[in-house]
Amino acid sequence: MTPEKYESLLQKLDQEENLSWAEIVAIIATPCPELDQKLFSLADRKREKYVGEEIHLRGIIEFSNYCRKNCLYCGLRRDNSTLPRYRMKPAEIIEVAQKIVDLGIPTVVLQSGEDLAYPTDLLAEIVFQVKKIGAAVTLSIGERDREDYLSLYQAGADRFLLKQETFDRNLFDQIHSDDNYDFRLACQKILQEIGFQTGSGNMVGLPGQKAKALALDIKKFQEWNFDMIGIGPFIPHPKTPLGKHQPDSYQQLILTLKVLALTRILTKNSHLPATTALGVLSAKGRETALRCGANVIMPDFTPIKYQTSYNIYPGKSSFEEGEYRLAQARAMIKRLGRKETNHPGHSLKRHPHLNPLPRRERKF
Ligand code: 5AD
Ligand code: SF4
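Counted from 1, the sequence shown has number 331 at position 340 by the numbering used here; the numbering is strictly sequential.
Here's what the structure looks like:
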């Protein structure tokens, strides 16, 4: 694509806040530092217009690194026998959640590998307890049955993250040896029908991933009207089958930011985190993301003794206390001249097609 054509697509993006799949492919496939910068500023303006100056903090607890799945890219995969495994006890999880709330963070994210050793009833009880502390609860625990999702919702869980990782069916099949593209989307549909605020996301820079695949991800994010979308670079982990792939990190940073910026403009008011993986790829990665469309930071509060073992990709664990990460996040917000929210930061979207089920009072 010529620079003139890129420039005219930027104008269209500004006016119509939409592009076709083919037009997005053209932007992604055209490297042009000057126009890429214009795209980033446009995304920053649209972020201001649709979600304002507020930045939402979400405190994450990675409560178990056991996983029944074997995704080819992930350090937690079942076959990675070099990884020491841990499970946090419910009381430990609640204690960390209390700390997160005491530090003024309104949302707790409970994240784990797909670990069926936590039966749904137990998870529901944990959710209920964390809600009682006064936090909004996001779950990120992978695929379960409708009944499980329903009881977690009834226990009070507000949001659910289930990333598709890529919407390109062939690529999805190549990097997931034991997962099914349609099944994962069916889970997503169930979560939306139940009434969860739902999140998806992708990885950028996967082996064989072309501009066409990334453009498809962006169109699907828009079509599904996700409340939250996590966009991060793929970082090879040496103990996985994709460990030898080495993307050029500068190109990957720009590409990830372009996907983020386009997603902001097309999805308007979705919540987009400055992902940890972006911070690992580049020291200023998260801060830059917050100037290219992102409006959420998710500091990790997993106790230090477990952090090393939640080794999804190299460089993820920096062995710092949650308090320290929070201070860093708050300093970042200040440098950017933005504001930290003092409310849960629920979705700004309306889902008129959804009719959330009433929540049952639960007693434990
Ligand atoms: N690089 C970057 N992100 C990864 N994830 C898993 N493996 C990697 C990797 N090698 C992300 C995926 C997944 C979550 C568990 O972590 O997006 O959803
Ligand atoms: Fe398990 Fe998720 Fe890692 Fe796949 S990406 S191996 S499901 S933790």
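For glycine and all other residues, C-beta sits at the position ideal for the given N, C-alpha and C.
Item checked: As assigned by DSSP and simplified to three states, the class of F54 -> To locate residue 54, count along the sequence shown from 1; it is residue 63. Looking at F54 - three-state DSSP - the assignment turns out to be strand.
Notebook entry, point to check: Going straight from the alpha carbon of R353 to that of I124, what length do you get?
Noted result: Numbered from 1 along the sequence shown, position 362 holds the residue referred to as residue 353. Numbered from 1 along the sequence shown, position 133 holds the residue referred to as residue 124. Because the pLDDT at R353 is just 48, under 50, the model does not fix this residue reliably, and the point stays unresolved.
Next item on the list: With DSSP as the reference, label R78 as helix, strand or coil.
Entry: If you number the sequence shown from 1, residue 78 lands on position 87. Strand at R78.
Checklist line | Opening and closing residue of the beta strand (DSSP E) in which R150 lies | finding: As a first step, residue 150 must be located in the sequence shown, where it is residue number 159. Run containing R150: R150 to L152, per the beta strand (DSSP E) assignment.
Next item on the list: Using the Cα positions of K235 and A13, report the straight-line distance between them to the nearest angstrom.
Entry: Taking the sequence shown and counting its residues from 1, the one referred to as residue 235 is at position 244. Taking the sequence shown and counting its residues from 1, the one referred to as residue 13 is at position 22. So the two alpha carbons sit approximately 31 Å from each other.
Margin query: Excluding the 5 residues flanking A88 on each side, which residues of the same chain have their C-beta closer than 7 Å to its C-beta?
Written below: Taking the sequence shown and counting its residues from 1, the one referred to as residue 88 is at position 97. For A88, where only same-chain residues beyond five positions count, the Cβ hits under 7 Å are I52, V99, V121, I124 and A126.
Checklist line | Sufficient close CB pairs (3 or more, under 8 Å) joining the region 135 to 148 to the region 208 to 215 | finding: no
Check: the ligand 5AD heavy atoms versus the CB of H228: any closer than 7 Å?
Finding: The residue you call residue 228 lines up with position 237 of the sequence shown. Indeed, a heavy atom of the ligand 5AD lies less than 7 Å from the Cβ.
Margin query: Am I right that S191 and I226 are in contact with their C-beta atoms under 8 Å? What's the rounded C-beta distance?
Written below: Position 200 of the sequence shown, counted from the start, is the residue given in the question as residue 191. Position 235 of the sequence shown, counted from the start, is the residue given in the question as residue 226. So it is not a contact: roughly 19 Å between Cβ atoms.
Next item on the list: Compute every distance between the C-beta of G192 and the non-hydrogen atoms of the ligand 5AD, then say whether any falls below 7 Å.
Entry: Position 201 of the sequence shown, counted from the first residue, corresponds to residue 192. Checking every heavy atom of the ligand 5AD against the Cβ of G192, one is found closer than 7 Å.
Margin query: Which of the three DSSP states is assigned to L101 in this structure?
Written below: Sequence index remark: in the sequence shown, residue 101 carries index 110 (1-based). Note: L101 maps to strand in three-state DSSP.
Notebook entry, point to check: Who are the Cβ neighbours of G306 in its own chain at under 6 Å, not counting the five residues just before and after it?
Noted result: The residue you call residue 306 lines up with position 315 of the sequence shown. Contacts found: V271.
Note to self: Given the structure, does E156 come close to the ligand 5AD, in the sense that its CB is under 7 Å from one of the ligand's heavy atoms?
What the structure shows: Position 165 of the sequence shown holds residue 156. Yes.
Next item on the list: Taking only the alpha-carbon atoms, compute the straight-line gap between T293 and I132 and give it to the nearest angstrom.
Entry: In the sequence shown, residue 293 corresponds to position 302, counting from 1. In the sequence shown, residue 132 corresponds to position 141, counting from 1. C-alpha separation (whole angstroms): 15 Å.
Next item on the list: Output yes or no for whether 8 Å exceeds the beta carbon distance between I222 and L263.
Entry: For the purposes of this step, residue 222 is taken as the residue at position 231 of the sequence shown. For the purposes of this step, residue 263 is taken as the residue at position 272 of the sequence shown. Going by C-beta atoms, I222 is nearer than 8 Å to L263.
Checklist line | Q155: first and last residue of the uninterrupted beta strand (DSSP E) it sits in | finding: Against the sequence shown, residue 155 aligns to sequence position 164. Counting along the chain, Q155 falls outside any beta strand (DSSP E), and DSSP gives it neither H nor E.
Check: Run through DSSP, which three-state label would P(-6) get?
Finding: By one-based count along the sequence shown, residue -6 stands at place 3. The answer is helix: DSSP assigns P(-6) an H, G or I state.
Next item on the list: Compute the distance between the beta-carbons of M79 and F119, then report whether it is under 8 Å.
Entry: For the purposes of this step, residue 79 is taken as the residue at position 88 of the sequence shown. For the purposes of this step, residue 119 is taken as the residue at position 128 of the sequence shown. In this structure, F119 does not lie closer than 8 Å to M79 by Cβ.
Notebook entry, point to check: Within 10 angstroms of its Cβ, does F355 collect 16 or more other Cβ (buried), or is it exposed?
Noted result: In the sequence shown, the residue the question calls residue 355 occupies position 364. Residue confidence is low: F355 scores 42 on pLDDT, short of 50, so the model does not pin down where it sits. Its coordinate-derived value is still stated next. Counting Cβ neighbours within 10 Å, F355 comes out exposed, since fewer than 16 surround it.
Notebook entry, point to check: Starting from S32 and walking both ways along the alpha helix (DSSP H), at which residues does that stretch end?
Noted result: For the purposes of this step, residue 32 is taken as residue 41 along the sequence shown, with counting starting at 1. Run containing S32: P24 to V42, per the alpha helix (DSSP H) assignment.
Check: Can you give the Cα-Cα distance for A206 and A82, rounded to whole angstroms?
Finding: Locating residue 206 in the sequence shown gives position 215, where the first residue counts as 1. Locating residue 82 in the sequence shown gives position 91, where the first residue counts as 1. Between A206 and A82, the C-alpha separation is close to 43 Å.
Check: Apart from the five residues on each side of it in sequence, which residues of its chain come closer than 7 Å, Cβ to Cβ, to E331?
Finding: If you number the sequence shown from 1, residue 331 lands on position 340. Cβ within range, chain order: I46, L48, R321 and I324.
Note to self: Which residues neighbour the ligand SF4 when neighbourhood means a C-beta less than 6 Å away from any of its non-hydrogen atoms? List them by chain order.
What the structure shows: C58, K60, C62, C65, L67, R68, G104, E105 and G133
Item checked: Helix, strand or coil at L10 [DSSP, three-state] -> Stepping through the sequence shown from its first residue, residue 10 is reached at position 19. In this structure, L10 counts as coil in the three-state DSSP scheme.
Next item on the list: Give the single residue among K154, D93, T73 and L101 whose Cα lies nearest to the Cα of I84.
Entry: Numbered from its first residue, the sequence shown carries residue 84 at position 93. Minimum Cα distance to I84 is reached at L101.
Note to self: By DSSP's criteria, L130 is part of a beta bridge. Which residues make up the other side?
What the structure shows: On the sequence shown, position 139 is the one that residue 130 refers to. DSSP output for L130 lists L101 and F151 as bridge partner(s).
Next item on the list: For the alpha helix (DSSP H) holding M323, just list the boundary residues, first then last.
Entry: Taking the sequence shown and counting its residues from 1, the one referred to as residue 323 is at position 332. Per DSSP, M323 belongs to the alpha helix (DSSP H) from G313 to L327.
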